[in-house]
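Protein sequence lines, in the order shown, are assigned to chains A and B.
So in my numbering, the last one in the first sequence is 407, and the numbering has no gaps at all.
So in my numbering, the last one in the second sequence is 407, and the numbering has no gaps at all.
Beta carbons: idealized from backbone N, C-alpha and C, even for Gly.
There are 2 protein chains.
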Amino acid sequence: MTQSEFVPGGTVTTPKGFSAGATYAGIKKPGENVLDLGIIYSQEPCDVAGVFTTNKIKSAAVVVNQQNLAKKGKVSAIIVNSGCANSSTGEQGIADAIETAELVANALGTEPEEVLVASTGVIGVPLPMDAIRKGIHRVLLTADGGHDFARSIMTTDTVPKEVAVTEKHSGITFTIGGVAKGSGMVHPNLATMLAFLTTDAAVAPDFLESALRKSVDISFNMISVDGDTSPSDTVLLLANGTVQNQPIGGKSPFATVFQEALDKVCIYLAKAIARDGEGATKLIEITVRNALTVDEARRAARTIASSNLVKAAIYGRDPNWGRVTAALGRSNIEVVEPKLEVIMAGIPVLKNGRPLSFDRQTAVKALGGKEVPILVDLHLGTAEATAWGCDLTEQYVKINAEYTT
Amino acid sequence: MTQSEFVPGGTVTTPKGFSAGATYAGIKKPGENVLDLGIIYSQEPCDVAGVFTTNKIKSAAVVVNQQNLAKKGKVSAIIVNSGCANSSTGEQGIADAIETAELVANALGTEPEEVLVASTGVIGVPLPMDAIRKGIHRVLLTADGGHDFARSIMTTDTVPKEVAVTEKHSGITFTIGGVAKGSGMVHPNLATMLAFLTTDAAVAPDFLESALRKSVDISFNMISVDGDTSPSDTVLLLANGTVQNQPIGGKSPFATVFQEALDKVCIYLAKAIARDGEGATKLIEITVRNALTVDEARRAARTIASSNLVKAAIYGRDPNWGRVTAALGRSNIEVVEPKLEVIMAGIPVLKNGRPLSFDRQTAVKALGGKEVPILVDLHLGTAEATAWGCDLTEQYVKINAEYTT
């Protein structure tokens, strides 16, 4: 019997054995309740898995973490700063990222290889190492510190994004927690997606890696705010084994349970990021059903979710299925037009490839909700995928254009 | 000696032997000087080449034209309507497109196979055949009718787009003319790109086809207003041979001259479309230089030109090179960060992968022009490509969201 539950008020420190904390180090502009430096810590060294940006331009933190993870060692801490991305900063940037890890290792009594780093904020500006050196010693690690940590990684995010899911299954209980920051744009640069996940389960490193990739593929890789990726995008998952279960491997009876819990955490955070896209007023959920392959369903769902025309139509509560089918058509997947069915916000608008008559006012009202589901049924195969995006508003343009004028 | 010149006031009827005309048939909403049905005609049947949308959802006109062109016959006329796209209209749509060609053929005394059709406007609504039947007979074909024709294909385009280039070369003189409509959004549906090109040169059909594909590749395929493609996108080129030259083939001494003139016409029209993108205030020209391959240069230039973040930054006159390099990075081409150079509106902002200091006010002023060139030099190879786009403004969102609210 499986019981999977969201933990009320859950965060990255909800799994046993993790603590976290944050401070204002002076990297961001000062302001009320501003935090810009956070640390997650586990006394028990953790197995770790990471997924990083596919952008050819990578930030110093991504380069250093990838080298570190290649050594297959354990990890005890992650330090994250907001306000400066430490990207396009050359060799100095790499040296600064390494020094940051060393400073944390000294403070916590661990090895530098046991510390991962992440940065988000302005590109092309060196990390203010003085602020970081002083700030690290002001971070107080507590068992409830996940909430402060979640706030310390925010940029133009309007709300912190935190979650935890507990699984009770055949006598073992474990928890997966996570925090993320989204599609905030930091002057003068671009959105960075960061997510930090923790679990108190013991998980075999290979399975930890493959489970994370699978979850990221159906969650963070399926959200689109504006189609841009950042040099800093990072997802890290730490497993400290505090619940002392037999490590979960790919063939373990708990593998599916763990995967499902991790999916749940990642999808929750991914939706929170899409919902909080810059200037967004709505979450759009695109499901493409009965495609020939999962890859085709994914491609179609993502293309529709990232279409400016679809996003602007949803903002305007316009049941404009023509923009949905046009985005579908250019996603270059197999489509047989006379089989096509589209349902927008519960209103059937297209069946057998032909427009259905519907009451326009009812449709406009349905599209007025905070969450707008769009279902595209290809009626060709059995594969399905879901992508999430947000609407495109004048406010998005304002946020991203107003820096210098 | 080659002499290539833009013809002042040039249009699709500037090449000898072409006439055109337009009328208001009642397909669009009525208004001052509204035209919605246009015909281009050549008494001498033409060789023809066409390039059509890659969208998997194709309009009836695209389907019918593609079948027609496969027969490799000659073409005498093109009829175009705006106000209705005749797309997602099933078998009735196909029948209506064929009937439209037949009506024109009867009126002009040619065969239906000699008539091509194009439609732009609302998706999912049948062609108003009564209006078209009556309208065809009201179209007056004149040698100066290209200007009216150019207006009749407009949707939310704010200006007609017309051009002609004359080539004088070793005793022969020929002209290529063209009109296009761009990225207007037609309630309730999406942008369609149409371009109709004419030449009085005799051109061998195979070379006509390959020359058109080459020109389209470096012009219409390199513009991006919002990344969406339409089921109706069509480029047609008619060559009526009126100047009675030896037909130009791929190995003809005039092949290069013809290609260059066609490139010039297509690039002029493509830039006109990008400049007139919905809500746009600026034309952005992205040149990617010294890439390893032309394909990589093209991919990078197009990715940068279609980045919402880059487009919003240019709107805000923000010399935000971080968004340019981030878009470059995700275009998945070979980039060596320490070699990278970026010049925005003439201001060097990045060299050897590192930020340059520049006077912010000077940069903001330079970005205030109506045309903003962005040069990205990869310093890796010798390949180059240019793409065009426009800025992203609040007005774009308004235009595309306001239909129903």
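- Taking CB atoms only, P357 (chain B) has a neighbour in chain A less than 8 Å away.
- In the three-state DSSP reduction, Q68 (chain B) falls in the helix class (H, G or I).
- When C-beta atoms of the region 338–348 of chain B are compared with those of the region 368–388 of chain B, three or more pairs fall below 8 Å, so the two segments count as touching.
- Interface annotation, N83 (chain B): not in contact with chain A, CB-CB separation never under 8 Å.
- Note that the C-beta distance between V237 (chain B) and V124 (chain B) is not below 8 Å.
- Around the beta carbon of L142 (chain B), a 10 Å sphere encloses fewer than 16 other beta carbons of the protein chains shown; the residue is thus reported as exposed.
- The secondary-structure analysis by DSSP pairs R356 (chain B) across a beta bridge with B:K353.
- A residue is called buried once 16 or more other Cβ atoms fall within 10 Å of its Cβ, and K73 (chain B), having fewer, is exposed.
- Nearest to S90 (chain B) by alpha-carbon distance, out of A:E386, A:G355 and A:Q363, is A:G355.
- With respect to K18 (chain B), V245 (chain B) sits close: the two C-beta atoms are nearer than 8 Å.
- In the DSSP assignment, L105 (chain B) falls outside any beta strand (DSSP E) and within the unbroken alpha helix (DSSP H) covering G92 to L110.
- Cβ neighbours of A365 (chain A) within its own chain (closer than 6 Å, five residues either side excluded): P321 and I349.
- Within chain A, no residue has its CB atom less than 8 Å from the CB of V205 (chain B), the nearest being about 31 Å off.
- Residues of the same chain with a CB within less than 7 Å of the CB of A133 (chain A), apart from the 5 flanking positions on each side, are A27, G28 and I29 in chain order.
- Closer than 7 Å at the C-beta level to chain A, one finds these residues of the region 301–323 of chain B: S309, N310, L311, A314, A315, Y317, G318, R319, D320 and N322.
- Put simply, the CB of P350 (chain B) is far from chain A, with every gap to its CB atoms at 8 Å or more.
- Under the three-pair Cβ rule at 8 Å, the region 207–217 of chain B does not count as touching the region 34–45 of chain B.
- Only those residues of the region 138–161 of chain B whose C-beta falls short of 8 Å from the nearest C-beta of chain A would be listed, and there are none.
- In the DSSP assignment, F20 (chain A) falls within the beta strand (DSSP E) that extends over F20 to T25.
- With contacts defined by Cβ atoms closer than 8 Å, P233 (chain A) and A299 (chain B) do not form a contacting pair.
- At a C-beta separation below 8 Å, S90 (chain B) has these neighbours in chain A: G324, T327, E339, L352, G355, R356 and P357.
- The criterion of a C-beta distance shorter than 8 Å is not satisfied by V82 (chain A) and I174 (chain A).
- Setting aside the 5 residues that flank it on each side, G243 (chain B) is surrounded in the same chain by A204, each with a C-beta closer than 6 Å to its C-beta; the list follows chain order.
- Note: R291 (chain A) is bridge-paired with A:D379 in the DSSP secondary-structure output.
- The secondary-structure analysis by DSSP pairs A387 (chain A) across a beta bridge with A:V290.
- N70 (chain B) counts as buried, since at least 16 other C-beta atoms from the protein chains shown sit within 10 angstroms of its C-beta.
- In the structure shown, the three-state DSSP call for I401 (chain A) is helix.
- Under the Cβ criterion (8 Å, minimum of three pairs), the region 47–61 of chain B does not count as touching the region 278–294 of chain B.
- Under the three-pair Cβ rule at 8 Å, the region 371–388 of chain A does not count as touching the region 4–14 of chain B.
- For K400 (chain A), at least one C-beta of chain B is nearer than 8 Å to its own C-beta.
- The alpha carbon of S226 (chain B) has as its nearest neighbour, out of A:S309, A:V65 and A:R140, the alpha carbon of A:S309.
- Taking 8 Å as the threshold, the shortest C-beta distance from G126 (chain B) to chain A falls below it.
- Note that the C-beta distance between G179 (chain B) and T200 (chain B) is below 8 Å.
- When the Cα atoms are used, G92 (chain B) and R291 (chain B) turn out to be separated by approximately 45 Å.
- Contact between E396 (chain A) and G318 (chain B) is ruled out by a C-beta separation of about 13 Å, above the 8 Å threshold.
- For A276 (chain B) against W390 (chain B), the beta-carbon gap comes to about 4 Å, under 8 Å, which counts as contact.
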